[in-house]
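In mature numbering (1 follows the signal peptide of the UniProt record, and there is no 0), the protein residues as written are -19 to -1, 1 to 194. C-beta: ideal position from N, C-alpha, C; glycine also. In this text, all values refer to a predicted model and were calculated from it rather than measured experimentally.
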């Protein structure tokens, strides 16, 4: 009975991981982007902030802080504010290398040691490695859904993302007909031009990161 239970859990984990891999492979075949080394971008002691997002519900002050990184995976703490709640939790991202590629361009995400919920595909970054565009897809649901994030490193939060990151982000958003933009703490509507953007530094409350056990 115990062995059968373990076998069932392993099958569930394997099925979930295979579904995530298959969906990611399918997306790679249908999208063109300047895919970049996601490990290089994430391998920083700086917090990485979400500057813009097409996510349907508003979260504020979203940031990722790396705890540990290897060639195979990254462990980081993700925190944000939603309504009146402060949320903080750990994420394990397994680096995804497409067949024949020498660099990882995505992470398969989930709770450490748990099932994979989906993936974050790294679509673009600037040369200075201070901003990047991500496509997050959640597959561990009845109906998979996705959104786009424009993220910046902590050292560039005051100046904002580079122009090429902004242009790529809005080009992708326009292409997928996602008009609703969510700002970190400040929501601003976009004008007729997809490249118009206004941003003010948010009065974020820095969250207390839960300690890694």
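Three or more Cβ pairs closer than 8 Å define a contact, and the stretch 90 to 107 meets that threshold against the stretch 139 to 150. Exposure of residue 64 is indicated by the presence of fewer than 16 other C-beta atoms within 10 angstroms of its C-beta. When the alpha-carbon of residue 66 is set against those of 54, 58, 40, the nearest one is in 40. Measuring C-alpha to C-alpha distances from residue 157 to each of 28, 72, 23, 36 identifies 36 as the nearest.
DSSP places residue 152 within a helical segment (H, G or I) once states are collapsed to three. It is roughly 7 Å from the alpha-carbon of residue 87 to the alpha-carbon of residue 78.
DSSP lists 62 as the bridge partner or partners of residue 67. The continuous beta strand (DSSP E) containing residue 43 extends over residues 41 to 50.
Approximately 15 Å separates the beta-carbon atoms of residue 89 and residue 50; this is outside 8 Å, ruling out the contact.
According to the DSSP assignment, residue 103 belongs to the beta strand (DSSP E) that extends over 97 to 106.
Boundaries for residue 115: no alpha helix (DSSP H) harbours it, while the beta strand (DSSP E) harbouring it runs 112 to 119, taken from the DSSP string. For residue 115, the closest alpha carbon among the candidates 132, 126, 124 is that of 132. Going by DSSP, residue 19 is part of no beta strand (DSSP E) but of the alpha helix (DSSP H) stretching over 19 to 23.
Setting aside the 5 residues that flank it on each side, residue 31 is surrounded in the same chain by 43, 130, 132, 165, each with a C-beta closer than 7 Å to its C-beta; the list follows chain order. Membership of residue 87 in the beta strand (DSSP E) is indicated by the continuous run 87 to 91. Its chain contains 114, 131 as the residues whose beta carbon lies nearer than 6 Å to that of residue 150, once the 5 sequence neighbours on both sides are disregarded; these appear in chain order. Going by beta carbons, residue 75 and residue 59 fall outside the 8 Å limit.
DSSP places residue 16 outside any beta strand (DSSP E), giving it a letter other than H or E. Looking at the backbone, the Cα of residue 153 and that of residue 48 are separated by about 30 Å. Across the set 136, 138, 70, 98, the C-alpha of 98 shows the shortest separation from the C-alpha of residue 122. Under the criterion of beta carbons closer than 8 Å, residue 93 and residue 55 do not qualify as touching, at roughly 11 Å.
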